Amino acid sequence: MQLHGIRVVDLSRILSGPFCSMFLADMGAEVIKVEGVGDGDPVRRQGHLRNGFSLYFASFNRNKRSMTLDLRSDEGKDVLRKLIATADVVLDNFRPGVMERIGLSRAELERIRPDIVSCHITGFGMDGPYRDRPSFDFIAQAMSGFMSVNGAEGEPPMRAAPPLSDLIAGAYAAMGVCAALVRRERTGRGEEVATALTDSMIANLAFLATHYFETGEQPLRTGNDHALVAPYGLFEAADGEVAIAPSNDQVYHRLLDVLGLAELRSHPEFLTNRDRFARRGAINAIINSAIGRQPIAHWLDVLNAAGVPCGRVMGLKEVFDDPQVRHQQMKITIEHPEHGPLDVLGFPIKFTDDPCRMHRPPPDLGADTDDILGELGFDADEVSALHARRIA
Numbered sequence: 002m003q004l005h006g007i008r009v010v011d012l013s014r015i016l017s018g019p020f021c022s023m024f025l026a027d028m029g030a031e032v033i034k035v036e037g038v039g040d041g042d043p044v045r046r047q048g049h050l051r052n053g054f055s056l057y058f059a060s061f062n063r064n065k066r067s068m069t070l071d072l073r074s075d076e077g078k079d080v081l082r083k084l085i086a087t088a089d090v091v092l093d094n095f096r097p098g099v100m101e102r103i104g105l106s107r108a109e110l111e112r113i114r115p116d117i118v119s120c121h122i123t124g125f126g127m128d129g130p131y132r133d134r135p136s137f138d139f140i141a142q143a144m145s146g147f148m149s150v151n152g153a154e155g156e157p158p159m160r161a162a163p164p165l166s167d168l169i170a171g172a173y174a175a176m177g178v179c180a181a182l183v184r185r186e187r188t189g190r191g192e193e194v195a196t197a198l199t200d201s202m203i204a205n206l207a208f209l210a211t212h213y214f215e216t217g218e219q220p221l222r223t224g225n226d227h228a229l230v231a232p233y234g235l236f237e238a239a240d241g242e243v244a245i246a247p248s249n250d251q252v253y254h255r256l257l258d259v260l261g262l263a264e265l266r267s268h269p270e271f272l273t274n275r276d277r278f279a280r281r282g283a284i285n286a287i288i289n290s291a292i293g294r295q296p297i298a299h300w301l302d303v304l305n306a307a308g309v310p311c312g313r314v315m316g317l318k319e320v321f322d323d324p325q326v327r328h329q330q331m332k333i334t335i336e337h338p339e340h341g342p343l344d345v346l347g348f349p350i351k352f353t354d355d356p357c358r359m360h361r362p363p364p365d366l367g368a369d370t371d372d373i374l375g376e377l378g379f380d381a382d383e384v385s386a387l388h389a390r391r392i393a
């Protein structure tokens, strides 16, 4: 696999860091999740539980090993240093300064292993006036400007339901780690990688930000309409909503032909996208009236045949029953030795020659502690002593 032979020591918890390390593990890295003795990652106690096992935790922690250590103790820190000496990557999502407080500054990490790649995910960045502030996804969505442009016109700002800042920051962190490993292969030097929840959301404002840079105008919330293109959005068929996205004049003309509205091609109020966007309420009403004459299935057939992007609005049952989703294996089943079969999301990145695969179920807390300690040279008596003192 792509990252076979790479060892990641993952000190992170909750979501952004575990999402990052899951990506790395899916691509073959050996990820050792270091958790607190007795309680572990807080998400082990959140969400739907099956016999005490959190399915929230299962969502972000497949393909990993779990080791418990008391990092408040000197002995626990010494064990961690031995582990880091065998690692290629150290990942955390602590606030800035925490790694220094547990004796793992960048300088110390380089002393332990000179070519180490360290990666930090924070709320606001490793420095700057907000570096010490706590943050979660909701705060990042609010303070990035994302919430200000999300939602319907005239309605309050709206967060996105999935925790986007955690997921995007985790994906960016994984990308940064992979780039740093390539650089290390080329130069022999390690690297310190950092990303932040708020930065990740700001980076995804895309053309909304460049519009603001040019005009100084706050973009309007447009709900399901596109911020630049019309017609574009949800339209009411005879039996429900259909999403239609004619992204340019050529596709718009195809839409008109399918709907029997070819005369609108030359209508002076709708000639260009700029014209249509200025009168998007009017053009949307015309399209909506035509769409309402037939059921969704009809429109999916004829619009797709004409090359007009479209789709039905699907609930999760429909999503995971959908033949394309099934073909793409975006739901996979993990067989857990203690908790039985677990359904989790599949791999979004497809490799032709060496695909991502499931090779470990999400681990129970500390399931691999003894094996990892043995790999580090601790004998059975030493391992027992660490357990007795609740160091491991």
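Residues 2 to 393 (my numbering) are what the sequence shown spells out, left to right. Just so you know, even glycine gets a beta-carbon here, dropped at the ideal spot from N, CA and C. Bear in mind that the values here come from a model prediction, so they are computed numbers and not experimental data.
- Here L235 is actually not in contact with P220; their C-beta atoms are around 20 Å apart, not less than 8 Å.
- Restricted to the stretch 150-194, the alpha helix (DSSP H) segments that are unbroken, complete and at least 4 residues in length are 165-188, listed in chain order.
- With at least 16 other beta carbons inside 10 angstroms of its own, M68 counts as buried.
- Here D323 is near M315, since their CB atoms are less than 8 Å apart.
- Shown here, T211 sits in a helix according to DSSP, grouped into three states.
- Within the same chain, and ignoring the five residues on either side of K34 in sequence, the residues whose Cβ sits closer than 6 Å to its Cβ are D11, K65, S67.
- Note that the stretch 99-107 does not touch the stretch 178-186; fewer than 3 beta-carbon pairs, one per stretch, sit closer than 8 Å.
- In the DSSP secondary-structure assignment, F236 is bridged to V243.
- Under DSSP, E31 shares a beta bridge with R8.
- In the structure shown, P310 adopts coil according to DSSP, grouped into three states.
- In terms of CA proximity to F61, R45 leads the group R51, D71, R45, D75.
- In the DSSP annotation of this structure, I117 is not part of any beta strand (DSSP E), being labelled neither H nor E.
- Looking from the CA of G124, the closest CA among S166, E109, G146 belongs to S166.
- DSSP links P342 through a beta bridge to E336.
- For R66, the enclosing beta strand (DSSP E) begins and ends at 65-69.
- Ranking Y233, T196, E218, M359 by CA distance to the CA of R132 puts T196 first.
- Ranking I15, L105, D116 by CA distance to the CA of I7 puts D116 first.
- Leaving aside the five residues that flank V326 on each side, the residues in its chain whose CB is nearer than 8 Å to its CB run, in chain order, V320, K332.
- Between A204 and P296, the C-beta spacing is not below 8 Å.
- In the three-state DSSP reduction, S385 falls in the helix class (H, G or I).
- Cα atoms of G312 and D138: separation of roughly 29 Å, rounded to the nearest angstrom.
- The Cβ atoms of R255 and G308 sit closer than 8 Å to each other.
- The Cβ-Cβ distance between L260 and A291 falls below 8 Å.
- Membership of D93 in the beta strand (DSSP E) is indicated by the continuous run 90-93.
- Comparing C-alpha distances from E36 to each of R73, G341, G152, G293 shows the shortest one belongs to R73.
- For V252, the enclosing alpha helix (DSSP H) begins and ends at 250-260.
- For T199, the enclosing alpha helix (DSSP H) stretches over residues 198-204.
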